[in-house]
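A short write-up of the structure that comes next.
Residue numbers (full-length UniProt numbering): 1 to 298.
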């Protein structure tokens, strides 16, 4: 892989294609397959995993604990701000209060078998897609950051990230020392270009979720764009790989966390780091219009 395939994240230099572990829950009835998939990711050079205790009601963290070994030198990123809610239409519920954040960090530490989680993202709920904060879950950012910085000072977390936030929230949080931002972002939904530019200027990693769009009904899909399909045909790759490769080439601080429960998809996702576009192809992709995610969701 080229040298640009690695970049800084939470004080470490890691491979820019990590593994989003949420979809491991699809293998909850085949634990051996989940373990094998994680070990294959390590073999292919992945050294950054994104998880949460509310993924699979603890199943995902439990598998990670068994799959990762001391010699793997893995950066584990988890998130707080929601708790499992098994049996509900959406199997998570917001848990935004400071005491919830601390309890979730402790739950993650126990489940992962770690003394310190290298990176913990505060999952706010300021914007969609997904759950939005309302009622008693509208919690002041300063109160949340006070808890997160205390946990960092105590050595229970290594760095603080933010997820599902607005540009204003990021600006307010900068004095706390923010290592990364996770927001929905893709080639076809570039609402947060100003936030990405701020992250570049502040040396903050940008970790987009829903990197191919289309995660909710009504959202545009990267793979349906004619320019993406044309690039895939010309370069001999899949449209999904083209969408991931564009993100990596769009800004130097981008890290990907595509999730899958399939070994072929895992290998294809990782191979996207080796794709390079010529000027004409990149210009054609850059010219794809962005559609506002908020507008698409109505």
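C-beta atoms are modelled at their ideal positions from N, C-alpha and C, and glycine is treated no differently. Please read all numbers here as calculations on a predicted model, not as lab measurements.
I'd like the span of the alpha helix (DSSP H) that includes residue i, first residue to last.
i, result
"residue 248", "239 to 250"
"residue 269", "263 to 271"
"residue 64", "59 to 67"
"residue 228", "226 to 235"
Return the CA-CA distance between residue i and residue j, expressed in angstroms with no decimal places.
i, j, result
"residue 103", "residue 9", "25 Å"
"residue 82", "residue 53", "9 Å"
"residue 226", "residue 163", "31 Å"
"residue 298", "residue 288", "Residue placement at residue 298 is flagged as unreliable, the pLDDT there being 45, under the threshold of 50; a coordinate-derived value is accordingly withheld."
"residue 236", "residue 230", "10 Å"
"residue 268", "residue 73", "23 Å"
DSSP beta-bridge partners for residue i?
i, result
"residue 13", "8"
"residue 19", "49"
In terms of alpha-carbon separation, which member of the options lies closest to residue i?
i, options, result
"residue 180", "225, 4, 11, 245", "11"
"residue 39", "13, 70, 55, 16", "70"
"residue 209", "155, 260, 115", "260"
"residue 135", "96, 26, 236, 240", "96"
"residue 146", "228, 287, 99, 5", "99"
"residue 171", "189, 199, 154, 184", "199"
"residue 47", "89, 19, 206", "19"
"residue 79", "264, 72, 117, 232", "117"
Under DSSP, the beta strand (DSSP E) around residue i begins and ends at which residues?
i, result
"residue 100", "Here residue 100 belongs to no beta strand (DSSP E); instead the alpha helix (DSSP H) covers 98 to 112."
"residue 182", "178 to 182"
"residue 83", "82 to 84"
"residue 120", "119 to 123"
"residue 162", "160 to 163"
Considering only the beta carbon of each residue, do residue i and residue j sit closer than 9 Å?
i, j, result
"residue 92", "residue 122", "no"
"residue 60", "residue 51", "yes"
"residue 124", "residue 144", "yes"
"residue 324", "residue 176", "Because residue 324 is not part of the residues shown, which for the chain are 1 to 298, the question remains open."
"residue 21", "residue 248", "no"
Against chain C, with Cβ distances strictly below 9 Å, would residue i count as a contact?
i, result
"residue 90", "No chain C appears in this structure, which consists of one protein chain only."
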